[in-house]
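Peer 1: Take this structure, written in structure tokens, and hold onto it; I'll ask about it next.
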Amino acid sequence: MNLRTLKIISILVTVIGAIVIWQNGIFRQFGDQSGYEPIQPINFSHKIHAGDNKINCTFCHSSADESAVAGVPTATNCMNCHSQVLKDSPEILKIKAALDNNQPIEWVKVNDVPDHVVFNHSRHVTAGVNCNTCHGPVETMARVSQFSTFTMGSCIDCHRRHQGVVLDAGGNPQFAAENTPNRLNAPTDCAACHH
Amino acid sequence: MKGEKLWKEFLDTDESGKPAAPKLPVYGISRRSFLSALGYSAVGLSLLNCRVPEQKIVPNLAKSPEQTPGVANWYASTCSGCSAGCGTLVKVRDGRPIKIEGNPAHPVSKGGLCAVAHSLVFSLYDSERLKQPLIGGQPSDWTEVDRQVGAKLASIKQSRGKVRFLSNTIISPTSKALIDNFLGTYEDARHIVYEPVSTAAISAAHLETHGVGSIPGYKIQNAKLLVSFDADFLGTWISPVRFTKDYSAARDLKNGQRSMLRHIQYEARMSVTGANADTRFTTSSAEQNEALTFLLTALVEKSGQSKSVNYNLLPPSGISPQMTQHLETTADELLNHRGESLVICGSNDPDVQLVVNFINETLGNYGTTIDVNSPSPHTQNSDGTFAGLIEEMKNGEVAALFLLNVNPAYDCYAAKEFTEALKKVPLKVSFDPTLDETALSADFVCPNHHSLEAWDDAETDSGIYSFNQPTIAPLFQTRAYQESLMRWSGDVRSFYDVLRQTWQQTNFTKQTKFSKFDDFWDQSLHDGIFADQTVKEPVTRTFNDKGLNDALLRLNKTEQSDYSLVLYQKTSMRDGRFANSPWLQELPDPITKTSWGNYASISPGAAEKLSLTEGDVVSVKKNNSAIELPVLIQPGQSDDVVAVALGYGRTHAGKAGNGVGANAFPFVEFLNGTFRYQAANIDIAATGKRSELAKTQIEESSHGRPLAQNIALSQYVSGDHPIKQTEFEKLFAEHDYPEHKWGMVVDLSACTGCNSCVLSCQAENNIPVVGKQEVAKMRDMHWLRVDRYIDSNPDGTEVTFQPLPCMQCENASCEMVCPVLATVHSSEGLNMQVYNRCVGTRYCANNCAYKVRHFNWFDYPRDDKLANMALNPDVTVRTRGVMEKCTFCVQRIEEKKIQARNEGRPIKDGEIQTACQQSCPADAIIFGDLKDLNSMVNANKKSGRNYILLEDLNTKPAVSYLAKVRNRKESKEDH
Numbered sequence: 000m001n002l003r004t005l006k007i008i009s010i011l012v013t014v015i016g017a018i019v020i021w022q023n024g025i026f027r028q029f030g031d032q033s034g035y036e037p038i039q040p041i042n043f044s045h046k047i048h049a050g051d052n053k054i055n056c057t058f059c060h061s062s063a064d065e066s067a068v069a070g071v072p073t074a075t076n077c078m079n080c081h082s083q084v085l086k087d088s089p090e091i092l093k094i095k096a097a098l099d100n101n102q103p104i105e106w107v108k109v110n111d112v113p114d115h116v117v118f119n120h121s122r123h124v125t126a127g128v129n130c131n132t133c134h135g136p137v138e139t140m141a142r143v144s145q146f147s148t149f150t151m152g153s154c155i156d157c158h159r160r161h162q163g164v165v166l167d168a169g170g171n172p173q174f175a176a177e178n179t180p181n182r183l184n185a186p187t188d189c190a191a192c193h194h
Numbered sequence: 000m001k002g003e004k005l006w007k008e009f010l011d012t013d014e015s016g017k018p019a020a021p022k023l024p025v026y027g028i029s030r031r032s033f034l035s036a037l038g039y040s041a042v043g044l045s046l047l048n049c050r051v052p053e054q055k056i057v058p059n060l061a062k063s064p065e066q067t068p069g070v071a072n073w074y075a076s077t078c079s080g081c082s083a084g085c086g087t088l089v090k091v092r093d094g095r096p097i098k099i100e101g102n103p104a105h106p107v108s109k110g111g112l113c114a115v116a117h118s119l120v121f122s123l124y125d126s127e128r129l130k131q132p133l134i135g136g137q138p139s140d141w142t143e144v145d146r147q148v149g150a151k152l153a154s155i156k157q158s159r160g161k162v163r164f165l166s167n168t169i170i171s172p173t174s175k176a177l178i179d180n181f182l183g184t185y186e187d188a189r190h191i192v193y194e195p196v197s198t199a200a201i202s203a204a205h206l207e208t209h210g211v212g213s214i215p216g217y218k219i220q221n222a223k224l225l226v227s228f229d230a231d232f233l234g235t236w237i238s239p240v241r242f243t244k245d246y247s248a249a250r251d252l253k254n255g256q257r258s259m260l261r262h263i264q265y266e267a268r269m270s271v272t273g274a275n276a277d278t279r280f281t282t283s284s285a286e287q288n289e290a291l292t293f294l295l296t297a298l299v300e301k302s303g304q305s306k307s308v309n310y311n312l313l314p315p316s317g318i319s320p321q322m323t324q325h326l327e328t329t330a331d332e333l334l335n336h337r338g339e340s341l342v343i344c345g346s347n348d349p350d351v352q353l354v355v356n357f358i359n360e361t362l363g364n365y366g367t368t369i370d371v372n373s374p375s376p377h378t379q380n381s382d383g384t385f386a387g388l389i390e391e392m393k394n395g396e397v398a399a400l401f402l403l404n405v406n407p408a409y410d411c412y413a414a415k416e417f418t419e420a421l422k423k424v425p426l427k428v429s430f431d432p433t434l435d436e437t438a439l440s441a442d443f444v445c446p447n448h449h450s451l452e453a454w455d456d457a458e459t460d461s462g463i464y465s466f467n468q469p470t471i472a473p474l475f476q477t478r479a480y481q482e483s484l485m486r487w488s489g490d491v492r493s494f495y496d497v498l499r500q501t502w503q504q505t506n507f508t509k510q511t512k513f514s515k516f517d518d519f520w521d522q523s524l525h526d527g528i529f530a531d532q533t534v535k536e537p538v539t540r541t542f543n544d545k546g547l548n549d550a551l552l553r554l555n556k557t558e559q560s561d562y563s564l565v566l567y568q569k570t571s572m573r574d575g576r577f578a579n580s581p582w583l584q585e586l587p588d589p590i591t592k593t594s595w596g597n598y599a600s601i602s603p604g605a606a607e608k609l610s611l612t613e614g615d616v617v618s619v620k621k622n623n624s625a626i627e628l629p630v631l632i633q634p635g636q637s638d639d640v641v642a643v644a645l646g647y648g649r650t651h652a653g654k655a656g657n658g659v660g661a662n663a664f665p666f667v668e669f670l671n672g673t674f675r676y677q678a679a680n681i682d683i684a685a686t687g688k689r690s691e692l693a694k695t696q697i698e699e700s701s702h703g704r705p706l707a708q709n710i711a712l713s714q715y716v717s718g719d720h721p722i723k724q725t726e727f728e729k730l731f732a733e734h735d736y737p738e739h740k741w742g743m744v745v746d747l748s749a750c751t752g753c754n755s756c757v758l759s760c761q762a763e764n765n766i767p768v769v770g771k772q773e774v775a776k777m778r779d780m781h782w783l784r785v786d787r788y789i790d791s792n793p794d795g796t797e798v799t800f801q802p803l804p805c806m807q808c809e810n811a812s813c814e815m816v817c818p819v820l821a822t823v824h825s826s827e828g829l830n831m832q833v834y835n836r837c838v839g840t841r842y843c844a845n846n847c848a849y850k851v852r853h854f855n856w857f858d859y860p861r862d863d864k865l866a867n868m869a870l871n872p873d874v875t876v877r878t879r880g881v882m883e884k885c886t887f888c889v890q891r892i893e894e895k896k897i898q899a900r901n902e903g904r905p906i907k908d909g910e911i912q913t914a915c916q917q918s919c920p921a922d923a924i925i926f927g928d929l930k931d932l933n934s935m936v937n938a939n940k941k942s943g944r945n946y947i948l949l950e951d952l953n954t955k956p957a958v959s960y961l962a963k964v965r966n967r968k969e970s971k972e973d974h
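Chains as they are written, first to last, in numbering that gives the first Met the number 0: chain A, 0 to 194; chain B, 0 to 974.
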């Protein structure tokens, strides 16, 4: 094996390796956690609830339109239906046990931003941003995974597209004159999210 | 393949051609290979861990109907910091109380709060609170406590032993009745009220003159002239927040008024109140009492009443000629304001208070500015009964002693005597939430709930009933003291039931608006108050002047002394009850700007005479009491006075409070039935030691520069004053503010310098506490500071306060120098500080003209998980190496902006309140949108008193000041 062959082999290894790593999502922008799909304490399927049975998102995430956080449903919220439906399923029994033992369920947080970032659900929901825009096709996910990158770039891109616009029926921004009702001016000041 | 062999193979042949024995390489690890291996493994390990830490979401099991995650609820309650009973609103976020603000609907405090109130959140999450009851110092449980205490009480009942209940002032009618009920089941039982810093002399004097043994209602708002002798009513006296509200309302010039209350202060030390006075006179300690008798003489003579009064007026002996002149002038002024003047005095000598009553009677102030018919419920203590209790205890007569919110083993005039006497009491039960100096010697410690965990009510003013409602479930195994008493008398109800029942029987019957009790209860609880509207028939009380002659004779025997000790309370530390709050410890005193500890304040004259410099440790001695304290040189103080703050030198307060400063309570004297906070003939001597003071402002004077500007009322009315604004050449491109431009006006005329805003800001913005050493290095972190300037003018010393938040400049010098764009201008006029961009070059702080930027030199302790519960989740906790500063409470701006946008409406003027503005008892801070032409902040910027600090730097700040107006008397003082 001469030096030339060695060089070619090492270049090939580097290039193929980079492609493999990139494809698997190991190498990516700092802070980008998209695709994160942790195992939850209860095997809850958004596909069955939001997809097959078409339950509205805010039925469970009830504070999404009035609070900074969308809210994870309380155990009693689950039992509203599941005291009748599938009440003997081992997953439902876990919820029942939580209620009986007075031990809250510890869900693993999927969509997270760093502590120096403030995000308000209510402003986005009331402005007409669809849940899917950021959270992706949750209704198809048996186990929820992070859809967007939630990097600052992804937030700012969207905010820049929503300067002086109104949303049309499809949720797309359309330029609007000043004083148009519901005209959006998504802030791009640092202090809008960092304080 | 032939060629140069680059390495040796294992199985090379030796010279003879035989396979050589393998020469195994030596596997010693060289330094170089070790380091490279270390590097690779470090990179590998960090790559393996390259993922976010797993975070949990733990929702409640069942949804509480009033709680939405992430949205704060506000509950109306009552402050338990002192007996003034100011109305509070407690911010509860996700089940945790995180901030206390003033309740604007409360008639006593009208939305204001003092520094102590803010610190209550911190004391709730104090991990040094007792977590369960103690029996003989050992942790126990409530069943065992109830069994043992019950048995002992039963035997006391049988042996008809004396039961004594010692508490501070309880302003709750329900709790007071409950204690009386409990004590009523014993043969000889009494409730004794004790306050370490007493104003009992006022009640005693009014008992003598009016037959009403309580503190009367002072109506500052009805007065045109207020003369105060040593009463620090804007700082700590009786009900400071209420007095500040009334005082600033009577002096308000913001809405175009052209007249204001005039305030004259005679005092020996420099107090916050004296600093705010229009005219202030420094009296020597010898002059203090005689100044009042002289004023009385002058008033009686000038008003021509001398023939109709039956007492002997003695000629003054110890007053200086200048002082007599000042007092004559004051007498003339007072006589011009008969019935609309108010004379008050901070002394706790009943004789002195009797003279004050007589002065007010001569001026016809009773019924107009002083109301004896609606006495205030504050400070119901009687110093004499407490002294009697010590005697009883010493004689071994007391069979059971209950201690509630009192700490006489620390703060009593005879603490040692009390502790000794306490040993002779067979049953000592303390309700203290912490193991303080007194609770240490108790047999049973039955920790009471923190006031944020407890139900209670309060009569904060005559006819005004206020609620104390729990805002969190008890954190530890504590029990309300009322419930403890009920258990020991066989009552199994909860105190909540008792409270409801009492309200149904009393307050519900006093109103006609609600027919159902539940509706009435809910509404009162929501408002936080219930005002009894039933009109009471005013009782005419005759003025009894019989005691005056004796009082005057006693007062005439004032002893002369070289140095007198004046004991006072700081606005932050008060009587030391909350000494374990690092927030209060680090809050600088408004006048001395010194935090963490007390000191002996002496005048510059005295310092020269004793050849002392600031920081020299002196020993202060009288009889058997001696303390060592560093000297602080205080202009404006009398040369014969040494002033020392009470409330320091705690030994069992907790981590933050122990050993800070020295305890001055042993110098308190018990004379003629009351505690005295002034000791004549003390020895002061240098010890040769030095101790550094933790000062946050080392420059005293403004050196004649127009920083905190003062004008006279006459100048303001005529418009002939130097306050103006200049338009400068535009050097920089103007910013564009499309929607809002936030701005602030600070009215220096209203600001009393109380420092409540500083703590409100600290609580709101997660500002760390840095400790004494760091403060001494000027590394304090308070985003908002209150500068004070002590300037001499021909009339004496003039102190002006100037709150200084970030100025949010348009041409900001900080923004221009940041190399990483961590501080940038927002489209709403804010200088934003972006923590995650900041690399800590500190250029911005160096370039800031107002010195409002603070640098995190360390990661300040955040390891107490319980204390961290008080953090505001809307504000980032900053780490080491990051610059921070006032943000105009941008989290509050964003919250209200989002709320308004969600509701599809514009933001209302006054809807956004910064933390400092909300709690200000003087309404000195106005915040709003400068783009809104009708806003309050714009209206005030247009008033003739508006000026910009360091205007010639052309920084164009969004914060401007309204010059301080002093209602000086022109004839003598303006030259």
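Using N, Cα and C, we set each Cβ at its ideal position, and we do this for glycine too.
#1: Run through chain B and tell me which residues come within less than 7 Å of P9 (chain A), C-beta to C-beta.
#2: Should S32 (chain B) be labelled buried (16 or more other beta-carbon atoms within 10 Å of its own) or exposed?
#3: Q287 (chain B) to Y946 (chain B), Cα distance in whole Å?
#4: On the criterion of 16 or more Cβ atoms from any shown chain inside 10 Å, does Y39 (chain B) qualify as buried, or is it exposed?
#5: Would you kindly check if the distance between the Cβ of N543 (chain B) and the Cβ of E894 (chain B) is under 8 Å?
#6: Counting only the same chain and skipping the five closest in sequence on each side, list residues whose C-beta sits under 6 Å from that of T418 (chain B).
#7: For chain A, is any of its Cβ atoms less than 8 Å away from the one on T875 (chain B)?
#8: Confirm, please, whether the CB-CB distance from C847 (chain B) to P589 (chain B) is below 8 Å.
#9: CA-CA distance, G69 (chain B) and R486 (chain B)?
#10: Skipping 5 residues on each side, what residues in its chain have a beta carbon closer than 8 Å to that of E391 (chain B)?
#11: Does the contact criterion of 3 or more C-beta pairs under 8 Å hold for the region 106-115 of chain B versus the region 568-582 of chain B?
#12: Between the alpha carbons of N129 (chain A) and N119 (chain A), how many angstroms are there, rounded?
#13: Chain A partners of G69 (chain B), CB-CB under 7 Å?
#14: Would D973 (chain B) count as contacting chain A if we go by Cβ distances under 8 Å?
#15: At what residues does the beta strand (DSSP E) containing N830 (chain B) begin and finish?
#16: Secondary structure at G824 (chain B), three-state DSSP: helix, strand or coil?
#17: Can you tell me whether DSSP reads R675 (chain B) as helix, strand or coil?
#18: Mark N131 (chain A) as exposed unless 16 or more other C-beta atoms lie within 10 angstroms of its C-beta, in which case mark it buried.
#19: Taking the straight line between their C-alpha atoms, what separation do you get for N167 (chain B) and Q352 (chain B)?
#20: Below 8 Å on C-beta distance, what does K108 (chain A) contact in chain B?
#21: Taking the alpha carbon of N181 (chain A) as the reference point, which residue from A:L166, A:C189, A:A191, A:N171 has its own alpha carbon closest?
#22: Could you check which residue in B:Q481, B:G234, B:G80, B:V785 has the C-alpha nearest to that of H699 (chain B)?
#23: Let me check understanding here. Comparing Cα to Cα, which of B:R279, B:N359, B:H449, B:T725 lies closest to V299 (chain B)?
#24: Buried or exposed for R861 (chain B), please, with buried defined as at least 16 other CB atoms from any protein chain shown within 10 angstroms of its CB.
#25: Does P89 (chain A) pass the burial test, meaning 16 or more other C-beta atoms within 10 Å, or should it be called exposed?
#26: Indicate whether at least one CB of chain A lies closer than 8 Å to the CB of N835 (chain B).
Peer 2: According to the structure shown:
#1: The question names Pro, but residue 9 (chain A) in the sequence shown is Ser. Here the premise fails: no neighbours, minimum Cβ distance about 17 Å.
#2: exposed
#3: 39 Å
#4: exposed
#5: no
#6: A408
#7: yes
#8: no
#9: 39 Å
#10: K161, R163, V397
#11: yes
#12: 14 Å
#13: S62, S66, A67, V68
#14: Note that D973 (chain B) scores a pLDDT of 39, beneath 50, so its modelled location is shaky and nothing firm can be said.
#15: 830-832
#16: Rather than Gly, the amino acid found at residue 824 (chain B) in this sequence is His. If DSSP states are grouped into helix, strand and coil, H824 (chain B) belongs with the strands.
#17: strand
#18: exposed
#19: 22 Å
#20: E53, Q54, K55, I56
#21: A:L166
#22: Reading the sequence as shown, one finds Glu at residue 699 (chain B) and not His. The option with the nearest alpha carbon to E699 (chain B) is B:V785.
#23: B:N359
#24: exposed
#25: exposed
#26: yes
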